[in-house]
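Asker: Following this message is one structure expressed as structure tokens.
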Amino acid sequence: MGLFDQILAAIANPEQQASQGQVASVLGTLQQQGQAHGADTQAMTQLFSVVGQQVRGALQQQRAGAGPQQAEATVQQYSGTEANPQAVQALFGARQPQVVQDTANRTGIDASTIQALLPVVIPLILQLLQGGTNSRNPQQGNPLLGTFLDTDNDGDVDLGDMVRVAGRFL
């Protein structure tokens, strides 16, 4: 099951934290921030996709180094719809300038704009992933996060595609 299907399943499952309102809030915040920084919907979708790939890599490293609980703890601690510079630091640390430059190169968005948007975009990505957490037993594991981390590395995960499709449904 793909990432978008997992999000839909989490929304439909009353035992998971995802909701239509949560997805709508993420998409609305993404659109507002794009407008505030002069980036159109296409640019923000591309930014979300590229940063999502980088978040995926950082969470995979956490999972490999400290176990799946660490990746889940990061998602729980830093997810949200508000800017959170600590989320950027927790995921990328000293690699942040490299992440900004790589994202600028891949999206065509100015590096200073990306620097300003990362503290918002990363919590939004984590907010979507947090929706897979079990409402009654958060320690049970997060199947949505597992799909995002795509343990078989087949490359089928793309948050930009998910944003485009979700935008059509909401």
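Sequential numbering from 186 applies to the sequence shown in my numbering.
We put the beta carbon where it would ideally sit given N, CA and C, even for glycine.
Please report the Cβ distance between ASN319 and GLN201, rounded to the nearest whole angstrom; I am assuming they are in contact, meaning their Cβ atoms lie under 8 Å.
Answerer: As a position in the sequence shown, residue 319 is number 134, starting the count at 1. As a position in the sequence shown, residue 201 is number 16, starting the count at 1. Sure, about 6 Å apart at Cβ, within 8 Å.
Asker: Per DSSP, what are the beta-bridge partners of ASN198 in this structure?
Answerer: By 1-based counting over the sequence shown, the position of residue 198 is 13. None; ASN198 has no bridge partner.
Asker: How long is the line joining the alpha carbons of LEU313 and GLN283, rounded to whole angstroms?
Answerer: The sequence position of residue 313 within the sequence shown is 128, counting from 1. The sequence position of residue 283 within the sequence shown is 98, counting from 1. Spanning the two alpha carbons is a distance of roughly 24 Å.
Asker: Contact defined as beta carbons within less than 8 Å: I believe GLY265 pairs with PRO308. What is the distance between those atoms, to the nearest angstrom?
Answerer: Against the sequence shown, residue 265 aligns to sequence position 80. Against the sequence shown, residue 308 aligns to sequence position 123. That belief holds up - the Cβ atoms of GLY265 and PRO308 are roughly 4 Å apart, short of 8 Å.
Asker: So the alpha helix (DSSP H) GLU257 belongs to, where does it begin and stop?
Answerer: Counting from 1 along the sequence shown, the entry for residue 257 is found at position 72. Where GLU257 is concerned, the enclosing alpha helix (DSSP H) stretches over 253 to 263.
Asker: Can you list, in chain order, the residues of its chain whose CB lies under 6 Å from that of MET229, leaving out five sequence neighbours each side?
Answerer: As a first step, residue 229 is located in the sequence shown; it is residue number 44 there, counting from the start. The residues are LEU215, GLY219.
Asker: Taking all protein chains shown into account, do 16 or more other C-beta atoms lie within 10 angstroms of the C-beta of GLN254, making it buried, or fewer, making it exposed?
Answerer: In the sequence shown, residue 254 corresponds to position 69, counting from 1. Answer is exposed; the Cβ neighbour count stays below 16.
Asker: Out of GLN324, LEU303, GLN217, which one is the CA nearest neighbour of ASN269?
Answerer: To locate residue 269, count along the sequence shown from 1; it is residue 84. Comparing Cα-Cα distances from ASN269 to each of GLN324, LEU303, GLN217, the minimum goes to LEU303.
Asker: Between the beta-carbon of ALA195 and the beta-carbon of GLY331, is there less than 8 Å?
Answerer: Position 10 of the sequence shown, counted from the start, is the residue given in the question as residue 195. Position 146 of the sequence shown, counted from the start, is the residue given in the question as residue 331. Contact flag unset, no.
Asker: Thinking C-alpha only, which one of VAL285, VAL236, VAL306 is nearest SER297?
Answerer: Within the sequence shown, the letter at position 112 stands for residue 297. Of VAL285, VAL236, VAL306, the residue nearest in Cα terms is VAL285.
Asker: Is GLY278 helix, strand or coil by DSSP?
Answerer: By 1-based counting over the sequence shown, the position of residue 278 is 93. Helix.
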